[in-house]
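Quick note on the numbering used here: the sequence shown kicks off at 463 and runs consecutively. We put the beta carbon where it would ideally sit given N, CA and C, even for glycine.
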Amino acid sequence: MWSVPVRDQEHKKTLLPAGIYDFEVISVYDKNPEGNPLRSQKGDPKVSLLLKLWDETGREVTMYDYLINSDNMYWKSKHFIEAAKLEAVVTLSEDNCYHFDPMAFKGACGKVEIGLQIAKPKNNSTSEKWADRNIVIDYIKSEANEELKAPVMDDDIPF
463 MWSVPVRDQE HKKTLLPAGI YDFEVISVYD KNPEGNPLRS QKGDPKVSLL
513 LKLWDETGRE VTMYDYLINS DNMYWKSKHF IEAAKLEAVV TLSEDNCYHF
563 DPMAFKGACG KVEIGLQIAK PKNNSTSEKW ADRNIVIDYI KSEANEELKA
613 PVMDDDIPF
């Protein structure tokens, strides 16, 4: 028999409040431990990102997010690429598709909107629930990422 201490209150202390945070991608996975490509529940290819985030006190929190290659989730990959300023490692094809090697995402930084997912029932015919957890709502393109305008040259400087 196992004895597992209940630490719900300790777990809740590690969660971030909903808000916008800086992130860094510290690991990228596109294969499972057996070497097979990662797939969503619907069978679409996906990439797992291990993100490091910082709250306003500088406390580090890590969490996973997934980019899924599907018609319903393309926006998330697009927003991630824009937020992390990764346009240089992405090719946009004539058919208006992004092509990229997800391994190039390691070390990418940007801003992310984080939410809180309240405990959900496990799908195992019991009353067990998954713990509350942080989730990525969206990746935020920063204004600093917008194209900079050329400075105005003022030649009216007296000499």
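Simplified DSSP assignment, three categories, for Trp592: coil
Cβ shell of Leu554 (< 7 Å), same chain only, five flanking positions each side left out: Tyr560
Assigned exposure category for Ser489 - 16 Cβ within 10 Å defines buried: Exposed: under 16 other Cβ atoms inside 10 Å.
Nearest-angstrom beta carbon gap, Tyr528 and Val509 [assumed within contact, 8 Å]: 7 Å
Ser510: first and last residue of the uninterrupted beta strand (DSSP E) it sits in: 508-516
Inter-residue spacing [alpha-carbon to alpha-carbon] between Ser532 and Lys504: Cα-Cα distance, rounded: 9 Å.
Met525 in three-state terms, based on DSSP: strand
Contact set for Lys584: own chain, Cβ-Cβ below 8 Å, skip 5 residues either direction: Glu590, Lys591, Trp592
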